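Let me begin by presenting the structure, written as structure tokens, before commenting on it.
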Amino acid sequence: MVMFLLRRVLAGLVLVLVVATLTFALLNLTGTDAARNILGENATPEQAAAEAATLGMNRPLPVRYWDWLSHAVRGDLGTSWFKGEAVTSSLASTLPITLSLALAGLLLSALLSVGLGTAAAVRGGRLDRAIQFLAVLSSAAPSFLVGLLLAVTVAVKLRWLPATGYVSFTDSAGGWLRSITLPAIALAIAATGGTAQQVRGSLIDVLGSEYIRLLRSRGISERRVVFKHALRNAAPAGLTVLSLQFIGLIGGAVIIEKIFGLPGVGSLANFSAVQGDQPVVLGVVVVTAAIVVLVNLLIDIAYGWLNPKVRAA
Amino acid sequence: MKRRLLLAAVAALLLATAACGGGSSSSEASTKTGGTLTIGMSLDATSWDLAKAGDGNDAVYNQPVYDSLLRMAPDGSLTPNLATKWVYDDKQTTLTLTLRDGVKFTDGKILDSAAVRANLLHTKGGNAAGSELTGIAEVTAPDANTVKITLSEPDPSLLSALGQVPGMIASPDALDATSGPVGSGPYVLDKAGTTAGRQYTYTRNKDYWNASAFPYDKIVILPMTDPAARFNALSSGQVDWTTISADRVDAAKGAGLTVATTPGATEGLYIWDRDGKIVPALKSPLVRQALNYAFDRAAIVKTVRKGLGTATEQSFLPGDAAYDTSLDSRYPYDLAKAKQLLAQAGYPNGFDVTIPDLSANFPQEQAAINQALADLGVKVKTVPVPLNQLFTALQGGKYAMSYFKLSAVGPWDIVQNEFLKNAAWNPFHTTDPKVDELVKAIAAAKVDAQPALFRQLNTYLVEQAWNAPWDVLDTVLAMNKKVTMAAQKTTVFPPIYSLKPAG
Numbered sequence: 321m322v323m324f325l326l327r328r329v330l331a332g333l334v335l336v337l338v339v340a341t342l343t344f345a346l347l348n349l350t351g352t353d354a355a356r357n358i359l360g361e362n363a364t365p366e367q368a369a370a371e372a373a374t375l376g377m378n379r380p381l382p383v384r385y386w387d388w389l390s391h392a393v394r395g396d397l398g399t400s401w402f403k404g405e406a407v408t409s410s411l412a413s414t415l416p417i418t419l420s421l422a423l424a425g426l427l428l429s430a431l432l433s434v435g436l437g438t439a440a441a442v443r444g445g446r447l448d449r450a451i452q453f454l455a456v457l458s459s460a461a462p463s464f465l466v467g468l469l470l471a472v473t474v475a476v477k478l479r480w481l482p483a484t485g486y487v488s489f490t491d492s493a494g495g496w497l498r499s500i501t502l503p504a505i506a507l508a509i510a511a512t513g514g515t516a517q518q519v520r521g522s523l524i525d526v527l528g529s530e531y532i533r534l535l536r537s538r539g540i541s542e543r544r545v546v547f548k549h550a551l552r553n554a555a556p557a558g559l560t561v562l563s564l565q566f567i568g569l570i571g572g573a574v575i576i577e578k579i580f581g582l583p584g585v586g587s588l589a590n591f592s593a594v595q596g597d598q599p600v601v602l603g604v605v606v607v608t609a610a611i612v613v614l615v616n617l618l619i620d621i622a623y624g625w626l627n628p629k630v631r632a633a
Numbered sequence: 006m007k008r009r010l011l012l013a014a015v016a017a018l019l020l021a022t023a024a025c026g027g028g029s030s031s032s033e034a035s036t037k038t039g040g041t042l043t044i045g046m047s048l049d050a051t052s053w054d055l056a057k058a059g060d061g062n063d064a065v066y067n068q069p070v071y072d073s074l075l076r077m078a079p080d081g082s083l084t085p086n087l088a089t090k091w092v093y094d095d096k097q098t099t100l101t102l103t104l105r106d107g108v109k110f111t112d113g114k115i116l117d118s119a120a121v122r123a124n125l126l127h128t129k130g131g132n133a134a135g136s137e138l139t140g141i142a143e144v145t146a147p148d149a150n151t152v153k154i155t156l157s158e159p160d161p162s163l164l165s166a167l168g169q170v171p172g173m174i175a176s177p178d179a180l181d182a183t184s185g186p187v188g189s190g191p192y193v194l195d196k197a198g199t200t201a202g203r204q205y206t207y208t209r210n211k212d213y214w215n216a217s218a219f220p221y222d223k224i225v226i227l228p229m230t231d232p233a234a235r236f237n238a239l240s241s242g243q244v245d246w247t248t249i250s251a252d253r254v255d256a257a258k259g260a261g262l263t264v265a266t267t268p269g270a271t272e273g274l275y276i277w278d279r280d281g282k283i284v285p286a287l288k289s290p291l292v293r294q295a296l297n298y299a300f301d302r303a304a305i306v307k308t309v310r311k312g313l314g315t316a317t318e319q320s321f322l323p324g325d326a327a328y329d330t331s332l333d334s335r336y337p338y339d340l341a342k343a344k345q346l347l348a349q350a351g352y353p354n355g356f357d358v359t360i361p362d363l364s365a366n367f368p369q370e371q372a373a374i375n376q377a378l379a380d381l382g383v384k385v386k387t388v389p390v391p392l393n394q395l396f397t398a399l400q401g402g403k404y405a406m407s408y409f410k411l412s413a414v415g416p417w418d419i420v421q422n423e424f425l426k427n428a429a430w431n432p433f434h435t436t437d438p439k440v441d442e443l444v445k446a447i448a449a450a451k452v453d454a455q456p457a458l459f460r461q462l463n464t465y466l467v468e469q470a471w472n473a474p475w476d477v478l479d480t481v482l483a484m485n486k487k488v489t490m491a492a493q494k495t496t497v498f499p500p501i502y503s504l505k506p507a508g
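As given, the protein sequences belong to chains A and B, one line each in that order.
Add 320 to the 1-based position in the first sequence for the working numbering, that's all there is to it.
Add 5 to the 1-based position in the second sequence for the working numbering, that's all there is to it.
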């Protein structure tokens, strides 16, 4: 188990480094003139050049890369060129929002997928076909479209829930739940389709296997057969799909944040990328990559716990 | 059983939180005073430190907490605020301000001439709003209520700058504003209700010297970059006032919102190469005039801007000192006349020009240009230029002309941004002795005499067809029925004292 973990952690670190390097290269090749964006429309070329020099943009690329990297590994991600705020503190205030959104979406998606997948596998018939149809539909619907529809109908027309804004959990648990509900639903719907299908498929396979028939013949209730025995074996496949979905959820959160006006990492990344605020973009990319690696690692551990055969690999 | 219970519990929890937890964050019943004004802004605040703050967007965040020296009325005229009197000397290089008595900052310090001096010199060192104060050579405080500002040369836009962010006064102990803004303004920043980037709450400053001018007890500003989110927030009652995009005007009106416009930017075909360095034809005023005749401005405003704009041939804004309504009929749409002028200039078969292709971001505008040039027989080569490289490319003098738009500002700022030799938007550094002479005269003239001189300059620029402007496009604002706004002619965002409860 330990070797397994170590290998995965090392691979994860290499991945984060590669992602950071690629991002750094791309940022400096796009030609976005951050200095001009800072100074505004009426800056002369000389003023823009002076600002660029102040930001250190005139140094050769490898020098700037090494400067950033040597600070980053020590935890200093630099300061924003635009707002002068430390990148770590911007991330500290925005990351919890995005994470709570992504996790809420993940949980909701997991609940829905297991519920729908199980119902489809166990009941079969018309319910099964209906759920499969819904799953395809939800996979096809882009999350931003679902989000916009929810915002317009539930928030604007019906006024049941707020259209925008985020209330942090520490300020008001009820407010947090209200502000996160529509965005989480929008995210979850897109992820549920594929996962539900996967759960359904593997559950059907498992339910048809020899040992399940043996359990039934011993008189164990169908409920226990499904939930205590069959699901446990069907779960790993679902978990794999879910871990893939999580990456999609983080990406989807960026767009959902925009639609619902949530001041999370997505909004930060969006704004900084457009303006050319390199320290912030790099910081966001590195931290997000690290989180994705971490989540995948956790799911791998869960997978290993569920299925001891994996640990030996 | 357990699963059903769990699902039921989740559903009940969601319904419960939807039902309880009050309404959305905004206003109580509208009365003449009191209540909360909630504003949605497209950008976040930059800084409470006035040296780092910009004008425009930042003005809205800073106005509740800081007083400015002068106050700008909706029509652009200046009225007393922290300064009760102001007068220039004959050379227009020394401005003497008389300050109001008895104004205090919220930290208890007195707002006197020393405080004003400290602020002006601090803000002047900044890159953003401070750039409007670069003309200041020295500030002295002969007595507690008098401030003397000495300029290195006359600056006709100084007075209006003192009515905006550059003229805002912070407590001298908190110029850097590292722990928040400390000013003398009508409101105080409520730290408990403020999270940077998310929500800014301002509550009434109880000791304010002009409380009656500010009816709201509380102001909340929510930064939201996405236009759809802002619109939804406005439609669902979460904010009372925000900017919207032109394509949402019909939806806004349908939802019972009030829609208003302010001048946004002057757009059109900007002719950069007036000296003919890359395209010799553009050296001739006849050729540039021909380009002006080649656009149907009214049609552009109607189809491209959906009526949200004001057609004009002038580089200055309708209603400002330089604007002259008679000039708006100088170049009616007339292709025949345009071609005749080209022939007269010696280019009967047109000429060659390379322009940036901006159809990725401005499809209709680019199409209008391509069409007009084709109509004239001008041979056009277009080069796609990504928006993030456009400014550098244009300022580097790579293109002889292009579609462009420049934000709406006061007439002297337009002169400084476009018509001086080293102006940011004069990439080929073209000059004209008559333009320079008129600019000098405006600077030296007394405030009352400036409008006539501005109009002379404007007339000359239109006659010489320095550019081919199409229109001033509108910035669209929308508000719900609880708020009224005094019509703005000069700034994109109305000052908060222009917003009042309706009824």
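The beta-carbon is built from N, C-alpha and C at its ideal position, and this holds for glycine as well.
Predicted model only: the values in this text are computed from it and were never measured.
Contact set between D231 of chain B and chain A, taken where Cβ atoms lie within less than 7 Å: Residues of chain A passing the Cβ test: K578, I579, G581.
So which residues on chain A does S412 of chain B lean against when the C-beta distance must stay under 7 Å? E361
Any beta carbon from chain B within less than 7 Å of A610 of chain A's own beta carbon? no
Among the residues of its own chain, which have a CB less than 8 Å from the CB of L291 of chain B, if the five just before and after it don't count? L346, L347, Q349, A350
Does chain A have any CB closer than 7 Å to the CB of Q169 of chain B? no
Please report how far the alpha carbon of D418 of chain B lies from the alpha carbon of S463 of chain A, in whole angstroms. 45 Å
Are N401 of chain A and D597 of chain A close, meaning C-beta to C-beta below 7 Å? For clarity, residue 401 of chain A is Trp in the given sequence; the question names Asn instead. The answer is yes: Cβ separation under 7 Å.
Separation of S459 of chain A from G467 of chain A, as counted between CA atoms: 14 Å
How about Y221 of chain B and L42 of chain B: do their beta carbons lie closer than 7 Å? yes
Of the residues A:F324, A:A369, A:R327, A:Q595, which one's Cα is nearest the Cα of A429 of chain B? Distance check between A429 of chain B and each of A:F324, A:A369, A:R327, A:Q595 places A:A369 closest, using alpha-carbon atoms only.
Can you list the residues of chain A that L227 of chain B reaches, using a CB-CB cut of under 8 Å? T484, G485, G581
Note down, in chain order, each residue of its chain lying with its Cβ closer than 7 Å to the Cβ of L504 of chain B, except the 5 sequence neighbours on either side. L42, W246, V488, M490
Would you grab the beta carbon distance between P177 of chain B and K129 of chain B for me? Rounded to a whole angstrom, and I think it's under 8 Å. Their Cβ separation, rounded to whole angstroms, is 15 Å, which puts P177 of chain B and K129 of chain B out of contact at 8 Å.
Contacts of K548 of chain A in chain B (Cβ-Cβ under 8 Å): Here the premise fails: no neighbours, minimum Cβ distance about 11 Å.
When the Cα atoms are used, what is the spatial distance from L614 of chain A to M323 of chain A? 16 Å
Based on the DSSP secondary-structure assignment, which residues constitute the bridge partners of G332 of chain A? In the DSSP output, where bridge partners are listed per residue, G332 of chain A has none listed.
Report the CB separation of V497 of chain B from V254 of chain B in whole angstroms; it is logged as a contact under 8 Å. About 17 Å; that fails the 8 Å criterion.
According to DSSP, is L569 of chain A helix, strand or coil? helix
Got a sec? Which residues, its chain only, sit under 6 Å from T436 of chain B by beta carbon, not counting five neighbours each side? K426
Please tell me whether P361 of chain B and V390 of chain B are closer than 7 Å, where the distance is taken between their beta carbons. yes
Helix, strand or coil at F236 of chain B [DSSP, three-state]: helix
Would you say V526 of chain A lies against chain B (beta-carbon separation less than 7 Å)? no
Which of the three DSSP states is assigned to V187 of chain B in this structure? coil
Simplified DSSP state of D362 of chain B, which is helix, strand or coil: strand
Residues of the segment 115-136 of chain B with Cβ closer than 9 Å to any Cβ of chain A, in chain order: N132, A133, S136
So which of A:R379, A:L465, A:T473 has the shortest CA-CA distance to N348 of chain A? A:R379
When burial is assigned at 16 or more other CB atoms within 10 Å of the CB, is D441 of chain B buried or exposed? exposed
Close Cβ partners of Y213 of chain B (< 6 Å) along its chain, the five nearest in sequence each way excluded: P191
From what residue to what residue does the beta strand (DSSP E) around F409 of chain B run? 406-412
With respect to the alpha helix (DSSP H) encompassing I276 of chain B, which residues constitute its N-terminal and C-terminal limits? Careful: I276 of chain B lies outside any alpha helix (DSSP H), inside the beta strand (DSSP E) at 263-276.
Could you check where the alpha helix (DSSP H) with V615 of chain A kicks off and where it finishes? From DSSP, the alpha helix (DSSP H) with V615 of chain A extends over 598-626.
What does L156 of chain B pair with, by DSSP beta-bridge criteria? Paired residues: B:I141.
Reference A483 of chain B, options B:G39, B:T38, B:S47, closest by Cα: B:S47
Using a Cβ-Cβ cut-off of less than 9 Å, give me the residues of the segment 347-359 of chain A that come near chain B, in sequence order. Within the segment 347-359 of chain A, the residues whose Cβ lies closer than 9 Å to some Cβ of chain B are T350, G351, T352, D353, R356, N357, I358, L359, listed in chain order.
Compute the Euclidean distance between the alpha carbons of D63 of chain B and A218 of chain B, then round it to the nearest angstrom. 21 Å
The beta strand (DSSP E) enclosing T38 of chain B, as first and last residue numbers: First-last for T38 of chain B: undefined, no H or E at that position.
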